[in-house]
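Residues 1 to 496, numbered by UniProt numbering, are exactly what the sequence shown covers, in order. Remarks on the structure that follows.
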Amino acid sequence: MTTLGHLINGVRIDDDARTQDLYNPSTGVVAGQVSLASKATVEEAIAAAQAAFPAWRDTPPAKRARIMYRFKALLEQNADEICRLIGQEHGKIVHDAKGELQRGIENIEYACGAPELLKGEYSKNTGPGIDSWSDFQPLGVVAGITPFNFPAMVPLWMYPMAIACGNTFVLKPSERDPTSSLYIAELALEAGLPAGVLNVVNGDKEAVDTLLDDARVQAVSFVGSTPIAEYIYGRASANGKRCQALGGAKNHAIVMPDADMDNVVSSLTGAAFGSSGERCMALSVAVAVGDEAADALIAKMQAQMTSLKVGPFHDADNDFGPVITKAHQEKVCGYIDSAAQQGAEIVVDGRGVQVPGHEQGFYVGGTLIDRVTPDMTCYLEEIFGPVLLVVRVDSMEAAMKLIDDHEYGNGTCIYTRDGEAARYFSDRIQVGMVGINVPLPVPVSYHSFGGWKRSLFGDLSAYGPDAVRFYTRRKTVTQRWPSAGVREGAQFSFPS
Ligand code: NAD
């Protein structure tokens, strides 16, 4: 059985003082192991990034961008292998892994525009004979800490732009499915990144805490659950680092009485159950306005769900695969138990689903729960499984209040044919990413991605224009060239 190590200064190294099992969730069988980096190993990676920084900082942005073009081509050439690695450890179906990879590649395409994106600002004659300009300089060593659910895409939200801006990077992927993250980083080196510009350390809290405390790390990008995001933001900020920490979600869709219900049901099915609901943009709550809309939604959704196919990652006929671990399977089923105990109605029950030939896999079937109320545990917490809750309300105002009162504010959507209602909703709702008849309003790579409230700690969102600002600091220079000696006496007040 192989043990996955680290990538430091362009070399694969092992540090197997501590290891953790890697599972294939489709079969429930241990498929390998991953090293959990010690503090000393992480410090070695930081030192490699620090040493690579001066030369990389001075490399022209156009040359950095050319490496990104080659990196994109290598990812496309190796897409099948990358998707197999994602599926094997994460469990998502091959077509879903392809979509994830494509979204990641789009972030590289954006980073290829570094020469344009890093252009500064210039003002002539800000005073007599005085010019002023701002340029955007890299920070130094930057760290990225990423979640299990997008092992290819989320790291690609971070390091292509950070590196294209002239920073060097240490990535700490999820210890639950790190193989594809490491494989992709090796392709970035193959594309031409000098050794030390991109390093990968596998590990757990010990590795993360080392990155958060080391004074050489200038900034931290984090994506994961809200309690950890809050911890990362607090500790990194207390140590004087720039930090953006994206957290969990509970995304609601308002289903208005005038919505096209067939369209609602087909798009909600993909948005709720795709990737086993393990997406931070998964639509996990449908808020039906009026009992008539709720009854129609439940009836059509129940019928649609009879054709849902759950099974192993390599069978492209499946709609979604297993959840990530046995513990997570039990946690998701525990939320369904609690919903039943607290008075909700389990309309379609995914507990105990069996996939023939894969009885030990970590499967949960698609689950539909009606008559959920806002005080229930299943409503208050992020389930992160293939479970769709239905809450019934009397008005759009009541639906919006529910969303605004929830601790998370990542994504939301309204299904309606009423443009005025949609406009009111998108303008007022306290959520960062809003869809109008679009259930997963994930911004494209040239916008930025970020929730509100406890879905994002920090000021700047992930990728897109915000990433250029996050991974650079502005320097403003003011210059004057007196032609001969001092022309003015000392000035004791601002010129007026
Ligand atoms: P997680 O918070 O358990 O882990 C994320 C990272 O933090 C991993 O690299 C892990 O090693 C590290 N970590 C975990 N516990 C830690 C601790 N105590 N101290 C220091 N580091 C620690 O998240 P996950 O289960 O891997 O991912 C799922 C979560 O991520 C969900 O809540 C999901 O909503 C969220 N997510 C959010 C976004 C977003 O953009 N907002 C995107 C993807 C996933």
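Every residue gets a Cβ at the ideal spot worked out from N, C-alpha and C, and that includes glycine.
Beta-carbon separation (whole angstroms), T146 vs S174, contact threshold 8 Å
6 Å
Following the continuous beta strand (DSSP E) through K475, name the residue where it begins and the one where it ends.
T472 to R480
Tell me whether P147, by its Cβ, gets closer than 7 Å to a heavy atom of ligand 1.
yes
For the region 112-121 and the region 327-336, state whether three or more C-beta atom pairs, one from each stretch, are separated by less than 8 Å.
no
Could you tell me whether any Cβ in chain D is nearer than 8 Å to the Cβ of L211?
Although the question refers to chain D, the structure presented lacks it and comprises just one protein chain.
Applying the criterion that 16 or more other CB atoms from any shown protein chain within 10 Å of the CB defines a buried residue, is F494 buried or exposed?
exposed
Alpha-carbon spacing of S35 relative to T3, whole angstroms:
7 Å
Look at the alpha carbon of V217 and the alpha carbon of G120, and state the distance between them as a whole number of angstroms.
So the alpha carbons of these two residues sit roughly 25 Å apart.
Could you check what DSSP says for M376 in three-state terms: helix, strand or coil?
coil
I want to know whether the region 394-405 touches the region 251-261 - three or more CB-CB distances under 8 Å.
Contact between the region 394-405 and the region 251-261 is present, with at least three C-beta pairs closer than 8 Å.
Helix, strand or coil for R392, going by three-state DSSP, please let me know.
In the three-state reduction of the DSSP assignment, R392 falls in the strand class.
Looking only at its chain, what residues have a beta carbon closer than 8 Å to the beta carbon of Q430, apart from the 5 residues adjacent to it on each side?
I403, D404, G409, W452 and K453
Please report the distance separating the alpha-carbon of F222 from that of G248.
12 Å
Taking its Cβ as the centre, do 16 or more other Cβ atoms sit within 10 Å of V30, making it buried, or is it exposed?
By the 10 Å Cβ count, V30 comes out exposed.
With A49 as the anchor, note down where its alpha helix (DSSP H) starts and where it stops.
K39 to R57
Segments of 3+ residues assigned as beta strand (DSSP E) that fall wholly inside the region 417-451
433-436
To test your reading of the DSSP string, which unbroken alpha helix (DSSP H) runs of 4 or more residues are found completely within the region 157-217?
Within the region 157-217, the complete alpha helix (DSSP H) segments at least 4 residues long are 179-190 and 205-213, listed from N- to C-terminus.
Taking contact to mean at least 3 C-beta pairs separated by less than 8 Å, is the region 369-387 in contact with the region 342-361?
yes
Hey, how far is the Cα of P446 from the Cα of A65?
Sequence inspection shows Tyr at residue 446; the Pro mentioned does not correspond to that position. Between Y446 and A65, the C-alpha separation is close to 16 Å.
Distance, L440 Cα to E100 Cα
14 Å
According to the neighbour-count rule (16 or more other Cβ atoms, all chains shown, within 10 Å of its Cβ), is M68 buried or exposed?
buried
Taking only heavy atoms of ligand 1 into account, decide whether any of them is closer than 7 Å to the Cβ of F384.
yes
Could you check what DSSP says for H6 in three-state terms: helix, strand or coil?
strand
According to the neighbour-count rule (16 or more other Cβ atoms, all chains shown, within 10 Å of its Cβ), is F384 buried or exposed?
buried
Whole-Å CB distance - G28 paired with K326, under 8 Å assumed:
With 8 Å as the limit, G28 and K326 qualify as a contact, their Cβ atoms being about 7 Å apart.
On the DSSP bridge list, what partners appear for L118?
Beta-bridge pairing links L118 to no other residue.
Roughly how many angstroms lie between the CA atoms of V94 and R70, to the nearest whole one?
24 Å
Quick check on the DSSP output: the beta strand (DSSP E) that includes E345 runs from which residue to which?
E345 to V348
Residues in the same chain with beta-carbon distance under 6 Å from N167, minus the five sequence neighbours each way, listed in chain order, please.
P138, L139, V142 and Y471
Going by CA-CA distance only, name the one from V197, G277 and Q244 that's closest to F169.
V197
Is K453 helix, strand or coil when you go by DSSP?
When DSSP states are grouped into helix, strand and coil, K453 belongs to the strand group.
What does the alpha-carbon distance come out to for the pair Q360 and G352?
About 11 Å.
Every unbroken alpha helix (DSSP H) within the region 79-154, with a cutoff of 4 residues, ordered by chain
With a minimum length of 4 residues, the continuous alpha helix (DSSP H) runs that stay inside the region 79-154 are 79-90, 94-111 and 114-117.
According to DSSP, simplified to helix, strand and coil, what is Y363?
coil
I228 CB to nearest heavy atom of ligand 1 below 7 Å:
yes
Whole-number beta carbon distance between K72 and residue 560, since they are thought to touch under 8 Å:
The chain is shown only over 1 to 496; residue 560 falls outside these bounds and no answer can be derived.
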